[in-house]
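*Asks:*
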Amino acid sequence: MIRLEKRPQPSRLWTILAPILAVLLTMFVGGLLFAALGANPFEAIRTIFWDPIFNAQFASFTRPQLLVKAAPLILIAIGLSIGFRAGIWNIGAEGQYIMGAICGAAAGLALYPSESVLIFPAMVIAGAFGGWVWAMIPAILKTRVGTNEILVSLMLVYVAETILGSVATGLLRNPEGRGFPGSRNFKQWDAAHNAEIFAGTGMHWGVVFAFIAVIGAYVLLTRHILGYNIRLTGEAPRAARFSGVRPARIVLICLGLSGLLAGMAGLFEVTGPAGQISIDFNSGYGFTAIIVAFLGRLNPIGILLAGLLMALTYIGGELAQLMLGVPGASIQLFQGMLLFFLLGVDVFTNYRLRIGRREIA
Amino acid sequence: MIANDDVSFDIGRGEIHALLGENGAGKSTLVKMIYGLVAPDKGEMQLDGARYAPTKPSEARRAGIAMVFQHFSLFDALNVAENVALGMETPPPMSDLARQIREVSETYGLPLDPGRTVGTLSAGERQRVEIIRCLLQNPRLLIMDEPTSVLTPQEVEILFETLRKLKAEGTSILYISHKLEEIRTLCDNATILRLGKKVDTCIPSQSSARQMAEMMVGSSFATPEARGGTAGEVLLAVRDLHLPAPGAFGTPLRGISFEVRAGEVLGIGGVAGNGQDELLSALSGERAAPAGSIMLDGKDISRAGPVARRGMGVLSGPEERLGHAAAPDMSLIENGVLTAARSEGMLTRGFISWTKARTFAEEVIAHFDVRTPSPGTAARALSGGNLQKFVVGREILQSPQVLVLNQPTWGVDAAAAAFIRQSVLDLAAKGAAVVVISQDLDELMEVSDRFGALNEGRLSQTPPVASLNIEQIGLMMGGAHDMEVAHVDV
């Protein structure tokens with residue numbers, strides 16, 4: 001008989017081994033998938049994981065993309081992970097990301113065409129504020145009337161998408177855009193442009209803030225009493241209340257923080273890589289960040305690595321579509337596999353496999 | 001791991017045989033083997049001279065062995081008869097079963113209505129359901145695992161009457177307990193286990209409780225000494241404390257009043273589920289109480305939260321160790337931070353000094369003899385007794401002015417329990433006011449200066465322990481009317 005037996009302590013070895021094993025399993029099963037689709041599995045895996053960084057031909061173009069794609073994922077995932085640690089499930093980061101982008105862009109566009117150096121910082125603050133407000137809706141509903149934050153935050157994504165469609169064709173539409181939907185292009189307005197800090201690296205302000213968020217979250221969770229209280233709330237809610245933690249306060253802080261970071265990510269995206277508010281400005285970063293948060297084991301350093309890995313599969317996936325002609329859906333499947341295997345292998349962190357008869361307790 | 005090592009004993013027909021031992025002595029494993037839940041690696045059992053080797057409980061039941069577990073397996077939403085039917089392989093029609101239940105309950109003096117919903121029964125009545133379920137099988141051997149831990153003294157008397165009646169009819173009973181006085185009054189013979197080995201046998205009626213306890217722990221342990229210290233000023237005063245029930249299954253507090261003086265231990269008894277948890281939550285500050293109902297040294301602290309109360313020296317230790325008093329997956333160091341972060345100066349502008357936290361955890365471990373591989377070990381990896389020593393030690397080391405403990409020695413072995421009680425007495429001797437909420441009457445008699453009992457969220461008066469006898473205590477726990485004087489329903 002095969003049984004799972006709870007370990008007295010989570011295994012340190014498996015904590016590190018699980019993500020590595022999950023990546024290897026994903027490569028293996030993903031390889032089978034690509035083979036079934038008629039592509040050479042070894043070539044496919046190489047195209048996804050290796051070529052974006054090391055291929056002589058297009059690495060100079062794809063390498064900066066790594067940071068561009070990873071930054072919003074990391075920024076959002078860090079915020080989400082803090083909430084997840086406390087058992088607060090913000091599934092609506094995508095909505096907060098959109099609202100951050102809209103608010104930040106609107107704050108900037110209201111001052112167009114000023115060239116003041118304060119424009120960009122003001123937009124960052126407005127973006128963070130927009131994401132925060134959007135996250136406070138599920139937070140306040142949860143603390144006041146006890147609604148489920150998963151449902152409310154998820155539903156608000158669709159509300160945000162509708163608002164995005166509306167402002168892209170109405171309120172924020174470029175008055176000089178000859179009636180086309182979409183706002184002014186921030187890339188053509190220096191004061192508001194989130195440009196690369198070092199040319200050719202992909203390093204923009206969002207990347208800087210992502211790194212700051214990683215360090216901040218690490219310090220918060222390991223050194224500060226607030227981070228301790230957040231972890232305590234997630235692990236033993238009753239013990240947290242006994243310790244003196246007010247659950248409502250933790251809900252407001254965690255959702256607020258994740259909204260804030262998602263909003264900022266949205267602003268950095270709209271003023272940088274995306275360039276403008278458009279109907280389909282959002283590209284699923286808010287949802288993918290959930291995978292990143294778990295792939296990184298809700299640990300800031302892990303999220304940094306997971307964000308880079310996820311960005312790699314994005315870029316590599318696009319490359320594979322282009323070079324090998326595999327369908328886009330197979331790339332999404334591939335990314336989903338990563339989370340699937342991680343969660344599966346993760347069981348061994350807390351449990352060990354025992355084969356044979358039950359021991360006498 | 002060897003839970004039982006070469007244990008042999010025999011039970012005669014119509015004998016009540018006690019199996020005595022500390023937690024972890026191997027009592028449960030032994031009876032699990034008899035009941036067919038676990039198979040022995042070596043050795044054999046004989047039933048009425050024939051070889052007996054059950055591979056599953058249904059075989060054991062067919063052979064005439066029945067067991068009443070410490071934890072009931074009953075469905076709250078079903079009635080008594082339905083619950084009994086669920087445990088049978090071929091239940092008779094409901095009307096027949098109800099009649100049988102009524103017959104058995106009358107024969108053995110266990111009043112029980114088969115139509116009542118189990119959710120409305122007291123712990124004692126639930127146990128009767130379990131016993132009747134067993135008796136319907138006409139067992140030859142009845143195993144009872146810690147049957148009195150949830151009963152009032154009066155209910156214990158009823159249970160003992162039933163068991164004596166069964167014994168007179170020739171049923172053998174294997175009685176597991178660590179309550180020595182009970183074993184002395186009830187059992188014919190006792191087998192004492194320690195660390196999986198049989199260490200001794202005795203005839204309980206001819207041995208003293210102290211002798212048996214020493215056989216059980218293998219060494220003499222210090223019984224807490226009675227103190228004649230004089231109590232100081234009133235430190236904690238609770239006046240007419242009312243709190244609605246926290247949830248569908250909680251108990252409301254209805255006008256609780258008591259005072260505890262410096263250097264005094266107030267024992268609060270009562271059957272589980274009569275407001276113990278709720279009282280602790282109100283005193284620890286987890287739930288705010290109506291203004292004016294909880295006073296510390298004359299100051300109203302009713303609205304203060306746990307952190308503020310700890311700042312004023314009011315500390316507490318909840319009953320549930322894992323998940324309430326401590327976070328299971330966090331290390332002992334982190335669990336030290338849980339209540340001692342501020343009082344032990346671990347925080348500077350919100351940042352935790354893990355060096356100080358580690359030092360504090362090490363201190364608790366050293367002073368309270370917590371057996372753990374390291375302070376970095378997760379709380380859930382510790383045994384119940386060791387974790388309890390840590391939890392109680394964590395509060396005591398912070399030198400509280402007022403300490404409230406709920407079930408401080410629940411599920412803890414005798415040596416650790418004696419140690420915890422002594423620590424509580426030492427703390428009181430230093431001038432703290434201590435409230436001990438417990439279901440173990442022996443414990444309360446040992447440590448308390450005054451005693452009160454909770455019943456349905458009401459607290460009896462709290463007279464000095466010396467003035468009470470066991471009948472009076474039973475009446476207080478049952479919420480008898482002459483004890484109601486001080487309580488008027490609102």
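Residue numbers (the UniProt record's numbering), protein chains in the order written: chain A, 1 to 361; chain B, 1 to 490. Where a beta carbon is used, it is the ideal one built from N, C-alpha and C, also for glycine. These numbers come from a predicted model, not from an experiment.
Between the beta-carbon of ILE65 of chain B and the beta-carbon of VAL84 of chain B, is there less than 8 Å?
*Replies:* Your numbering for residue 65 of chain B matches position 65 in the second sequence. Your numbering for residue 84 of chain B matches position 84 in the second sequence. The answer is no: Cβ separation not under 8 Å.
*Asks:* Quick one: is ALA236 of chain A near chain B, going by C-beta distance under 8 Å?
*Replies:* As a working mapping, residue 236 of chain A is identified with position 236 in the first sequence. Yes - at least one Cβ of chain B is within 8 Å of the one on ALA236 of chain A.
*Asks:* Please tell me whether VAL68 of chain B has its Cβ less than 8 Å away from any Cβ of chain A.
*Replies:* Position 68 of the second sequence, counted from the start, is the residue given in the question as residue 68 of chain B. No - not a single Cβ of chain A is within 8 Å of the one on VAL68 of chain B.
*Asks:* Could you tell me whether any Cβ in chain A is nearer than 8 Å to the Cβ of GLU181 of chain B?
*Replies:* For the purposes of this step, residue 181 of chain B is taken as residue 181 along the second sequence, with counting starting at 1. GLU181 of chain B does not count as touching chain A.
*Asks:* By DSSP, does TYR218 of chain A sit in helix, in strand, or in coil?
*Replies:* Within the first sequence, the letter at position 218 stands for residue 218 of chain A. Helix at TYR218 of chain A.
*Asks:* Is the beta carbon of ILE290 of chain A closer than 8 Å to that of ALA101 of chain A?
*Replies:* Position 101 of the first sequence, counting from 1, holds the residue named residue 101 of chain A. Position 290 of the first sequence, counting from 1, holds the residue named residue 290 of chain A. Contact flag unset, no.
*Asks:* With which residues is ARG177 of chain B paired in a DSSP beta bridge?
*Replies:* The residue you call residue 177 of chain B lines up with position 177 of the second sequence. Reading the sequence as shown, one finds Ser at residue 177 of chain B and not Arg. Paired residue(s): B:LEU20.
*Asks:* Taking buried to mean at least 16 other C-beta atoms within 10 Å of its own C-beta, is GLU264 of chain B buried or exposed?
*Replies:* One-based indexing of the second sequence puts residue 264 of chain B at position 264. GLU264 of chain B is buried by the Cβ-count criterion.
*Asks:* Would you kindly work out how many angstroms separate the C-alpha atoms of GLY350 of chain B and GLU395 of chain B, rounded to a whole number?
*Replies:* In the second sequence, the residue the question calls residue 350 of chain B occupies position 350. In the second sequence, the residue the question calls residue 395 of chain B occupies position 395. Looking at the two C-alpha atoms, the distance is approximately 21 Å.
*Asks:* Identify, in the order they occur along the chain, each residue of the same chain with its Cβ nearer than 6 Å to the Cβ of ALA262 of chain B, setting aside the five sequence neighbours on each side.
*Replies:* Mapped onto the second sequence, residue 262 of chain B falls at position 262. A distance below 6 Å between beta-carbons, with the five flanking residues on each side excluded, links ALA262 of chain B to the following residues of its chain, in chain order: GLY232, GLU233, LEU235, GLY431, ALA433.
*Asks:* On a Cα-Cα basis, can you pick out the residue from B:ASP6, B:PHE69, B:GLY14, B:ILE16 that is closest to PRO40 of chain B?
*Replies:* The residue you call residue 40 of chain B lines up with position 40 of the second sequence. Taking only the C-alpha atoms, the option nearest PRO40 of chain B is B:ASP6.
*Asks:* Let me see if you follow: with CB-CB separation under 8 Å, is ILE212 of chain A close to chain B or not?
*Replies:* Residue 212 of chain A sits at position 212 when you count from the first residue of the first sequence. So no, ILE212 of chain A is outside the interface.
*Asks:* Would you check if the distance between the CB atom of PHE129 of chain A and the CB atom of CYS103 of chain A is smaller than 8 Å?
*Replies:* Stepping through the first sequence from its first residue, residue 129 of chain A is reached at position 129. Stepping through the first sequence from its first residue, residue 103 of chain A is reached at position 103. The answer is yes: Cβ separation under 8 Å.
*Asks:* Can you grab the Cα-Cα spacing for the pair PRO57 of chain B / PRO19 of chain A, in whole Å?
*Replies:* Here residue 57 of chain B refers to the residue found at position 57 when the second sequence is read from its first residue. Here residue 19 of chain A refers to the residue found at position 19 when the first sequence is read from its first residue. Using only the alpha carbons, I get a separation of about 43 Å.
*Asks:* Counting contacts by CB-CB distance shorter than 8 Å, is PRO93 of chain B in contact with chain A?
*Replies:* For the purposes of this step, residue 93 of chain B is taken as the residue at position 93 of the second sequence. Output row for PRO93 of chain B: interface = no.
*Asks:* Compare the C-alpha of VAL260 of chain B against each of B:VAL238, B:LYS198, B:TYR108, B:ARG194 and name the closest.
*Replies:* Counting from 1 along the second sequence, the entry for residue 260 of chain B is found at position 260. In this structure, B:VAL238 is the residue among B:VAL238, B:LYS198, B:TYR108, B:ARG194 with its C-alpha nearest to the C-alpha of VAL260 of chain B.
*Asks:* When you compare the CB positions of LEU220 of chain A and ARG231 of chain A, do they come within less than 8 Å of one another, or not?
*Replies:* In the first sequence, counting from the first residue as 1, residue 220 of chain A sits at position 220. In the first sequence, counting from the first residue as 1, residue 231 of chain A sits at position 231. For LEU220 of chain A and ARG231 of chain A, no; Cβs fall outside 8 Å.
*Asks:* Given 8 Å as the limit, is there contact between the stretch 311-326 of chain B and the stretch 387-394 of chain B, that is, 3 or more CB pairs closer than that?
*Replies:* yes
*Asks:* Could you tell me whether the Cβ atoms of PHE419 of chain B and GLY267 of chain B are closer together than 8 Å?
*Replies:* Residue mapping note: residue 419 of chain B aligns to position 419 of the second sequence, counting from 1. Residue mapping note: residue 267 of chain B aligns to position 267 of the second sequence, counting from 1. No. Outside cutoff.
*Asks:* Would a C-beta distance cut-off of 8 Å place ALA139 of chain A and ALA126 of chain A closer than the cut-off?
*Replies:* The count along the first sequence starts at 1 and reaches residue 139 of chain A at position 139. The count along the first sequence starts at 1 and reaches residue 126 of chain A at position 126. In this structure, ALA126 of chain A does not lie closer than 8 Å to ALA139 of chain A by Cβ.
*Asks:* Rounded to the nearest angstrom, what separates GLY344 of chain A and ALA77 of chain A at their Cα positions?
*Replies:* By one-based count along the first sequence, residue 344 of chain A stands at place 344. By one-based count along the first sequence, residue 77 of chain A stands at place 77. Looking at the two C-alpha atoms, the distance is approximately 20 Å.
*Asks:* Would a check of beta-carbon distances place LEU338 of chain B closer than 8 Å to chain A?
*Replies:* Counting from 1 along the second sequence, the entry for residue 338 of chain B is found at position 338. LEU338 of chain B counts as touching chain A.
*Asks:* Sort out for me which residues DSSP pairs ILE355 of chain A with in a bridge.
*Replies:* Counting from 1 along the first sequence, the entry for residue 355 of chain A is found at position 355. DSSP output for ILE355 of chain A lists A:ILE2 as bridge partner(s).
*Asks:* I'd like to know whether the C-beta of PHE242 of chain A is nearer than 8 Å to at least one C-beta of chain E.
*Replies:* Absent from the structure: chain E. Protein chains present are A and B.
*Asks:* Could you tell me if TYR158 of chain A is buried or exposed, where buried requires 16 or more neighbouring beta carbons within 10 angstroms of its beta carbon?
*Replies:* Here residue 158 of chain A refers to the residue found at position 158 of the first sequence. Counting Cβ neighbours within 10 Å, TYR158 of chain A comes out exposed, since fewer than 16 surround it.
*Asks:* If you run the structure through DSSP and keep just helix, strand and coil, what is GLY411 of chain B?
*Replies:* For the purposes of this step, residue 411 of chain B is taken as the residue at position 411 of the second sequence. Looking at GLY411 of chain B - three-state DSSP - the assignment turns out to be coil, as it is neither helix nor strand.
*Asks:* Could you work out which residues of chain B lie near TYR285 of chain A, taking near to mean beta carbons separated by less than 9 Å?
*Replies:* The sequence position of residue 285 of chain A within the first sequence is 285, counting from 1. Per Cβ cutoff of 9 Å: no residues; TYR285 of chain A is ~31 Å from chain B at best.
*Asks:* Which runs of the beta strand (DSSP E) fall wholly inside the stretch 43-69 of chain B and span at least 3 residues, in chain order?
*Replies:* 45-47, 50-52, 65-68
*Asks:* Taking the runs of the alpha helix (DSSP H) that are 4 residues or longer, which of them lie wholly in the stretch 223-308 of chain B?
*Replies:* 276-284
*Asks:* Any idea what DSSP makes of LEU112 of chain B, helix, strand or coil?
*Replies:* Looking up residue 112 of chain B in the second sequence gives position 112. Looking at LEU112 of chain B - three-state DSSP - the assignment turns out to be coil, as it is neither helix nor strand.
*Asks:* Can you find the residues in the same chain that come closer than 6 Å, C-beta to C-beta, to GLN9 of chain A, ignoring five residues on each side of it along the sequence?
*Replies:* Start at 1 with the first residue of the first sequence, and residue 9 of chain A comes out as number 9. Once the five neighbours on either side are set aside, GLN9 of chain A has no close Cβ partner at all.
*Asks:* Could you tell me whether the stretch 38-54 of chain A touches the stretch 313-323 of chain A, where touching means 3 or more Cβ pairs closer than 8 Å?
*Replies:* yes
*Asks:* Going by C-alpha distance, which of B:ALA304, B:LEU475, B:ARG61, B:ASN138 is nearest GLY269 of chain B?
*Replies:* As a working note, residue 269 of chain B is residue 269 in the second sequence. Closest option to GLY269 of chain B, Cα to Cα, is B:LEU475.
*Asks:* So SER279 of chain B and LEU405 of chain B are supposed to be a Cβ contact under 8 Å. How far apart are they, rounded?
*Replies:* As a first step, residue 279 of chain B is located in the second sequence; it is residue number 279 there, counting from the start. As a first step, residue 405 of chain B is located in the second sequence; it is residue number 405 there, counting from the start. In the sequence as presented, Ser is not what sits at residue 279 of chain B; that position holds Leu. The pair is not a contact, with the Cβ atoms about 12 Å apart (cut-off 8 Å).
*Asks:* Could you check whether the Cβ of LEU347 of chain B sits closer than 8 Å to any Cβ belonging to chain A?
*Replies:* In the second sequence, counting from the first residue as 1, residue 347 of chain B sits at position 347. It does: the Cβ of LEU347 of chain B has a partner Cβ on chain A nearer than 8 Å.
*Asks:* Please give the ranges of any alpha helix (DSSP H) in the stretch 134-168 of chain B, keeping only runs that are unbroken, at least 4 residues long and fully inside the region.
*Replies:* Taking only runs of at least 4 residues, the alpha helix (DSSP H) segments lying wholly in the stretch 134-168 of chain B are 153-168.
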